[in-house]
């Protein structure tokens with residue numbers, strides 16, 4: 076019998092990372108709209124901490140995914156839908172790793188140098204082999220922002236596709252990641 080759900084670890088990683096990413100997107104927008112202040116500085120530090128947690132968890136999730144097979148897609152899915160599902164999942168892994176990496180790189184080249192400590196406790200090194208410069212900081216900041224926008228768009232597409240599968244196609248795609256939803260059929 077084929078596996079109907081993702082593993083508990085995969086489900087946990089999915090939802091924790093998803094909630095952290097949504098929080099980062101909202102928090103990033105809020106902090107960028109704020110005037111410079113001690114509160115904005117503290118939010119930036121939290122943003123960096125949560126970004127590094129997302130990076131670590133995303134690498135764990137990728138390793139888990141490479142060693143644990145995902146449940147099969149419904150046989151009723153068209154080839155273009157299967158390709159879209161595969162590409163969107165690859166895109167998520169790219170963005171979940173590249174967005175925090177670009178933030179880490181931005182912090183590492185930023186002038187002035189402000190060290191990173193995860194939740195004000197665990198020192199985090201600068202990204203190796205990078206030199207501090209305003210031009211590099213602007214490049215990584217722009218890259219980080221573009222990746223965040225692309226991740227937001229992919230997230231909307233992903234949620235829309237999951238809801239389409241559940242409410243239009245009436246298949247089990249959504250219940251694979253939400254085991255408390257009864258499988259269809």
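Residue numbers (our numbering): 76 to 260. Every residue, glycine too, gets a C-beta built ideally from N, C-alpha and C.
Notebook entry, point to check: Exposed or buried, residue 99, counting other C-beta atoms within 10 Å across all chains shown (16 or more means buried)?
Noted result: buried
Next item on the list: Using three-state DSSP, classify residue 197 as helix, strand or coil.
Entry: strand
Notebook entry, point to check: Which ranges would you report for the beta strand (DSSP E) in the segment 129-212 if only whole runs of at least 3 residues count?
Noted result: 191-193, 197-199
Checklist line | Whole-angstrom C-beta distance between residue 172 and residue 229, which should lie under 8 Å | finding: Incorrect: roughly 14 Å between the Cβ atoms, too far for contact.
Next item on the list: Inspect the beta-carbon positions of residue 167 and residue 233 and report whether they are closer than 9 Å.
Entry: yes
Next item on the list: Measure from the alpha carbon of residue 97 to the alpha carbon of each residue in 250, 247, 238, 224, then state which is nearest.
Entry: 224
Check: Where does residue 112 land, buried or exposed, given buried means 16+ other C-beta within 10 angstroms?
Finding: exposed
Next item on the list: For residue 99, name the three-state secondary structure that DSSP assigns.
Entry: helix
Next item on the list: Figure out for me which residue from 239, 198, 231 has the closest Cα to the Cα of residue 163.
Entry: 231
Margin query: With a threshold of 8 Å (Cβ to nearest heavy atom), would residue 132 be considered close to the ligand SAM?
Written below: Looking for the ligand SAM in the displayed structure turns up nothing, as the structure carries no ligands at all.
Note to self: With three or more beta-carbon pairs closer than 8 Å as the criterion, would you say the segment 182-195 touches the segment 124-143?
What the structure shows: yes
Notebook entry, point to check: When the distance is taken between beta carbons, is residue 218 closer than 9 Å to residue 177?
Noted result: yes
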